[in-house]
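Beneath this line is the structure, given in structure tokens, with notes to follow.
Structure (structure tokens):
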């Protein structure tokens, strides 16, 4: 299987923006994109499977066993302001470094095929101690012009590493002639953080101009929390920190 | 070698059900399928080898060094009630996520080639504290119709992850146009649990209608215990729990 | 690179026996085969390189940086009693399960090409506490007939796992139509154990009938100790035990 | 992606020496080669990408998200004394053994294509306690003749392992008909060590005869420190030691 993209249709999109929403710190991107999919009634048009995803099945209350997967949704602009979207949603990132590179490659291949030239990755930036209200936004970008877009949304420049797909996708995007920025909100990081998700989505929407009701975002956070519970992933700050610490160990 | 299926014959089976019986929690599936193979005198018709299996040899009292392997057996219905079976038995699952996906793919390929449309995976569900007598059954399925079959056997819906081959096989089966359910019995999980094995097998037999004597199942449990001893795997609850804990650590 | 065999010549051998001598517990096989190579003045005829070997260079007193490698030597019988030999010597085994399977496959391919039908793997069997003098011998084999050969050398049957190449090679050998046994001597395991090496070699020689002086085996043990020192591998019983413990953790 | 070399041009070089400067202990090679690139205004002519590099993006003060990469620079001799150079600089080595072997293979392929027959790898040799002033130099080489070159620079022979790309590249180089030595300076190892970098570079320059000002090397050390900070890699002696300890655990 390795990593394969299965498209059920190839939507006809006009200069779409890809929004990345895989699970990560605070599940910020996950909540935000689930909300978008719900609000926009975005149709699913594809799936990405990888043998670098978790090797278990997950069930929810209905007893249906699901394998871990990433899903692709699209949205056609409903007026002159809205932008066409590709939304990447899922319940896992790849488990290995090689798997993450392979996944990014497949996502960028797919984006390129759909005439996409811009990517926004969303995420959380873990902060110890008290988070300001509203949480501060941070950004990085593939190039100065795209960075300016992100700064104009009220984000400030992040220094250091941006872990996972949110960072790697932006880092690699220029190799596919795609520009992108990541938008991260401060979060304690160990629960499904609706406030952080609202912050990144509201900011991104200054570019997307989507007519989407942000009040129901709490529902997406609750659903995400339920999904996480079935993944055994609620309130585990200790393990996550250890995982994070691992990233600091370089091979030298 | 990677992962390869070697068939010594291609049995002519009529809508067979595949029963998965690889080692897992409480060795429930392992005991149950070993018992079936013994009782039904099921002939072995194939073997699956993988370089993701353990890289050691195992010997038993007779001094024969064996490499880790999975084996395929079949059973032809002996009357109008019994179902044709494919039985997957073995002494290991794959050691890596990629290896598990590859193994599942090979199993499902083989099932499809043998005109199999239904899979039952067996297993244990680890429970701390006292297990009810008889142990409770849990299930999940690839689809609502198959779930109903499992619920009719007296199992209740499991929520959360189903680790290993028992979960992944059911999760992935629809991609091969195969339906399936898993049937898990409560177990403390750190020894070869004959009671749990009897419970899942007795329940599954309401569908399979096999004329198999369940009284001798204790013998299969003993044999399994002996095999495990040669694998150095008896009474190691601590390591198993740590392994399990690992599964909870997501990469995010 | 992955795993590749480079032969500088294809020696013309008559029903040779392959002796495996890669580093393992107590470096028993390593010492024994180094001694054979020295005593028999066996010419090197090939090398096996693998990207699953250690990724560092080793230097000894002469400042030459060497990459980790396995080497192939041969010996032509010098009289009617001696057997032709293929000797596998090296400074590492593969670091991963997949790497070990690949290495075994390459070794068995090479053996088959050289008309070899018999393998003897040597090794140590770690024992806590006092080792009897001389150390006891243990064995396992690919088949009953070959097992008898090993038992006739004074070894008793080992039950349980045989780790590493010494076990896997014997386990897999029948798939290449090769028969083999492993011969393990008790050892505390954390230093280059000349006594254990002498014991396995003397026993094996009842089959090989080599006119080799065993008195100089201590020199091979010293050289092995020197090599190990350059690998930073002398007296580290703790880490080795942890590694060993790891092997007991199954994925279930 | 795996591991791929992208050349923007193929420079016409005369018997160039390849200088390896990837991050390692004390970032000695990293500082030294960054200084050379700055001083010589060496043009970049290629990039090596690998899915065995870190799977994150790094940003610095300017907000540009960069993926981990290795870069190739060249220098044309400006007089009869200077040597043509290929400089390998980067912000990571590969994370896995297989990735390191693959990376070395690609580097040596590229060197061979550019008519390079000599490699110098630079690095630090971690020493506990007080480092002598100036730090002592150590070396190892692919062959006796090249070793003599290194000894003539005032280095003494290192015994034991040389970890990472600095060792493996020298160890493997003869397989590409390339000769090389490594030059390591004593260092406490857990910060960007300008003194050690100056020492190896000054020594190597006795061969390279580069007209390069060593006074500005502190600037390269500062830049390296800044880059490391953005990688979260300043002052983490504990983790590094643990990593190092891991290397001592052999699979046996």
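Protein chains in written order, with the working numbering: chain U, 269 to 520; chain V, 269 to 520; chain W, 269 to 520; chain P, 269 to 520.
The beta carbon of each residue, even a glycine, is placed where N, CA and C say it ideally should be.
Given the structure is predicted, the values throughout are model-derived calculations rather than measurements.
The beta strand (DSSP E) enclosing residue i, as first and last residue numbers
i: residue 298 of chain W; result: Per DSSP, residue 298 of chain W belongs to no beta strand (DSSP E); it is in the alpha helix (DSSP H), 296-308.
i: residue 452 of chain U; result: 447-455
i: residue 288 of chain P; result: 285-289
i: residue 409 of chain U; result: 405-409
Outcome for residue i when other beta-carbon atoms lying within 10 angstroms are tallied against a minimum of 16
i: residue 484 of chain V; result: exposed
i: residue 432 of chain P; result: buried
i: residue 505 of chain U; result: In this prediction, residue 505 of chain U scores a pLDDT of 34, lower than 50, which makes its location untrustworthy; no coordinate-derived value is stated.
i: residue 338 of chain W; result: buried
i: residue 477 of chain W; result: exposed
i: residue 274 of chain W; result: exposed
i: residue 516 of chain V; result: Here the model assigns residue 516 of chain V a pLDDT of 28, short of 50, so the residue's position is not dependable, and the following value carries that caveat. It is exposed - the Cβ of residue 516 of chain V has fewer than 16 other Cβ atoms within 10 Å.
i: residue 520 of chain W; result: Its pLDDT being 28, under 50, residue 520 of chain W is placed unreliably in this model, and the value from its coordinates should be taken loosely. Residue 520 of chain W is buried by the Cβ-count criterion.
i: residue 282 of chain W; result: exposed
i: residue 346 of chain P; result: exposed
i: residue 481 of chain P; result: exposed
i: residue 361 of chain P; result: buried
i: residue 403 of chain V; result: buried
i: residue 285 of chain W; result: buried
i: residue 452 of chain P; result: buried
i: residue 330 of chain P; result: exposed
i: residue 521 of chain V; result: Chain V is shown only over 269 to 520; residue 521 of chain V falls outside these bounds and no answer can be derived.
i: residue 336 of chain U; result: buried
i: residue 386 of chain P; result: buried
i: residue 288 of chain V; result: buried
i: residue 397 of chain U; result: exposed
Range covered by the alpha helix (DSSP H) that runs through residue i
i: residue 379 of chain W; result: 365-381
i: residue 426 of chain V; result: Element bounds for residue 426 of chain V: n/a, residue is neither H nor E.
i: residue 470 of chain V; result: 462-476
i: residue 418 of chain V; result: 412-420
Neighbouring residues, chain W, relative to residue i (Cβ below 7 Å)
i: residue 334 of chain V; result: 439
i: residue 435 of chain P; result: 324, 325, 333
Opposing strand residues paired with residue i [DSSP bridges]
i: residue 334 of chain P; result: P:326
i: residue 385 of chain U; result: Per DSSP, none; premise fails for residue 385 of chain U.
i: residue 272 of chain U; result: U:317
i: residue 390 of chain W; result: W:451
i: residue 488 of chain W; result: Beta-bridge pairing links residue 488 of chain W to no other residue.
i: residue 342 of chain P; result: P:354
i: residue 312 of chain W; result: W:341
Any C-beta of chain B under 9 Å from that of residue i
i: residue 468 of chain U; result: Looking for chain B here will not work: the only protein chains present are U, V, W and P.
Within chain P, partners of residue i - CB distance below 8 Å
i: residue 400 of chain U; result: Correct list: empty, because the minimum Cβ distance to chain P is about 21 Å.
i: residue 430 of chain U; result: 324, 325, 326, 327, 333
Interface partners of residue i on chain U, CB under 8 Å
i: residue 407 of chain V; result: 331
- Query: What residues in the stretch 322-333 of chain U have a beta carbon less than 9 Å from any beta carbon of chain V?
  - Reply: In summary, the residues of the stretch 322-333 of chain U whose CB is separated from some CB of chain V by less than 9 Å are 322, 323, 324, 325, 326, 327, 328, 329, 330, 331, 332, 333, in the order they occur in the chain.
- Report the residues of the stretch 416-428 of chain U with a CB closer than 7 Å to any CB of chain P, ordered along the chain. Within the stretch 416-428 of chain U, the residues whose Cβ lies closer than 7 Å to any Cβ of chain P are, in chain order, 425, 426, 427, 428.
- Query: When you check each C-beta in the stretch 289-320 of chain U against every C-beta of chain V, which residues fall closer than 7 Å?
  - Reply: For the stretch 289-320 of chain U, the residues whose beta carbon sits under 7 Å from a beta carbon of chain V are, in order, 291, 292, 293, 319, 320.
- Listed in chain order, which residues of the stretch 447-465 of chain W have Cβ atoms closer than 9 Å to some Cβ of chain V? Result list: 448, 449, 450.
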